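Residue numbers (the numbering used here): 3 to 351.
By construction, the Cβ of each residue, glycine as well, lies at the ideal position given by its N, Cα and C atoms.
Remember, it's a predicted structure, so these values are computed and weren't measured experimentally.
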Ligand SMILES: [Zn+2]
């Protein structure tokens with residue numbers, strides 16, 4: 003058995019990010035304990051590493067954690083224990099190593115965790131992130147896993163490197179946008195808005211909507227019993243062109259651009275967007291529309307143009323327009339309380 007290093011840590015400071023009016027409330031307090039126990043359980047408690055000298059991983063359970071440490075093989079912070087990474091310290095999780103947190107982990111302001119390519123951080127318990135978490139490898143946030151705090155989770159490569167089934171309230175920094183064949187991606191997430199477009203011929207092979215999104219629509223219907231009619235899915239560049247020009251004939255241009263996209267700039271051309279139910283703001287007040295707003299993230303969608311975010315998205319509130327992101331990223335966006343543009347750190351127009 004290990005001896006524990008005990009220290010007090012402040013409660014997690016809760017980020018007070020400005021969300022739009024339809025976004026969920028952030029918790030106002032953190033329930034984690036004040037006591038920190040600095041310990042890592044060994045994969046094999048009886049082996050020779052179980053002494054006071056530095057082991058292969060560089061982590062010693064029976065001394066205080068100080069300076070940089072490197073995890074090179076599987077390690078676990080056991081239930082009931084909390085590991086603290088202090089100011090000036092870095093915990094590296096190397097290629098091939100799985101670092102599992104069943105208890106808790108606190109990264110203080112100025113401290114950091116760096117998950118290197120091939121390394122994994124699996125969170126079953128709570129992380130208080132007041133420092134930095136740099137993700138070059140994999141992060142699994144399990145059902146009971148939770149990240150809080152005023153620190154920053156930096157995604158170096160792709161949002162596919164995160165599997166979030168729990169909660170992440172920490173601020174996330176996305177990778178820089180990358181353009182490929184005229185399409186812009188941020189950490190693997192395709193972005194289309196008033197600033198970013200797709201080519202004329204993009205999506206011609208897509209059909210109504212991509213398969214994963216359609217399957218999840220069927221699942222939403224099955225789980226709820228709601229009809230949730232698919233009013234509009236994929237629209238080609240030229241269909242969008244006709245539609246936009248038609249609206250401009252019957253309405254003021256300044257109004258039109260708030261509800262209709264110019265050709266090449268519609269999310270409907272990506273096969274990732276669907277209009278469901280009724281194309282009216284009142285949809286949110288129906289049982290079906292209200293359910294969609296509150297639950298679509300569990301099925302991999304976000305309400306793309308939230309209420310009160312007109313200046314941030316460039317579009318009027320559309321409680322019927324959902325955007326497919328996949329379950330993990332949809333949860334992250336939902337937890338952030340931000341628009342997709344704010345979450346990805348890109349301009350909307
Ligand atoms: Zn739409």
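{"Item": "So, using beta-carbon positions, are residue 302 and residue 326 closer together than 7 Å?", "Value": "yes"}
{"Item": "Name, in chain order, the residues that DSSP records as bridge partners for residue 71.", "Value": "93"}
{"Item": "In three-state DSSP terms, what is residue 216?", "Value": "helix"}
{"Item": "In the DSSP assignment, find the unbroken beta strand (DSSP E) run with residue 277 in it and report its ends.", "Value": "275 to 278"}
{"Item": "For residue 199, is the classification buried or exposed, using 16 other Cβ atoms within 10 angstroms of its Cβ as the cut-off for buried?", "Value": "buried"}
{"Item": "Quick check on the burial criterion: 16 or more other C-beta atoms within 10 angstroms. Buried or exposed for residue 81?", "Value": "exposed"}
{"Item": "Please classify residue 313: is it buried, with 16 or more other beta-carbons within 10 angstroms of its beta-carbon, or exposed?", "Value": "exposed"}
{"Item": "Measuring CB atoms only, is the segment 185 to 200 touching the segment 150 to 167, in the sense that at least three cross pairs come out at less than 8 Å?", "Value": "yes"}
{"Item": "Considering only the alpha carbon of each residue, which of 289, 141, 121 and 213 lies closest to residue 227?", "Value": "289"}
{"Item": "With DSSP run on the structure shown, which of helix, strand or coil describes residue 58?", "Value": "Reliability of the predicted coordinates at residue 58 is poor, the pLDDT of 36 falling under 50, and no value is obtained from them."}
{"Item": "For residue 239, does the count of other Cβ atoms within 10 angstroms reach 16, so buried, or fall short, so exposed?", "Value": "buried"}
{"Item": "Would you list the residues whose beta-carbon is nearer than 5 Å to any heavy atom of ligand 1, in the order they occur in the chain?", "Value": "277 and 323"}
{"Item": "Alpha helix (DSSP H) containing residue 252: first to last residue?", "Value": "239 to 252"}
{"Item": "If I measure Cβ to Cβ from residue 220 and keep anything under 6 Å in the same chain, skipping five residues before and after, which residues do I get?", "Value": "none"}
{"Item": "Is the segment 233 to 247 in contact with the segment 282 to 299, if contact means three or more CB pairs nearer than 8 Å?", "Value": "no"}
{"Item": "Between residue 147 and residue 257, what straight-line distance do the alpha-carbon atoms span, to the nearest angstrom?", "Value": "44 Å"}
{"Item": "Considering Cα atoms alone, identify which of 202, 281, 134 and 242 is closest to residue 172.", "Value": "134"}
{"Item": "What do you reckon, are the CB atoms on residue 304 and residue 295 nearer than 7 Å?", "Value": "no"}
{"Item": "Reducing DSSP to helix, strand and coil, say where residue 224 ends up.", "Value": "helix"}
{"Item": "Would you list, in sequence order, the uninterrupted alpha helix (DSSP H) runs of no fewer than 4 residues that lie entirely inside the segment 111 to 156?", "Value": "none"}
{"Item": "Among 329, 234, 77 and 182, whose alpha-carbon lies nearest the alpha-carbon of residue 201?", "Value": "182"}
{"Item": "In the structure shown, what three-state DSSP assignment does residue 331 receive?", "Value": "helix"}
{"Item": "Bridge partners for residue 170 per DSSP, in chain order?", "Value": "149"}
{"Item": "With distance defined between alpha-carbon atoms, name the residue in 75, 332 and 351 nearest to residue 215.", "Value": "332"}
{"Item": "Using three-state DSSP, classify residue 206 as helix, strand or coil.", "Value": "coil"}
{"Item": "By Cβ distance, which residues of its chain are closer than 7 Å to residue 222, with the 5 residues on each side in sequence left out?", "Value": "230 and 301"}
{"Item": "Where does residue 158 sit, in a helix, a strand or coil, going by DSSP?", "Value": "coil"}
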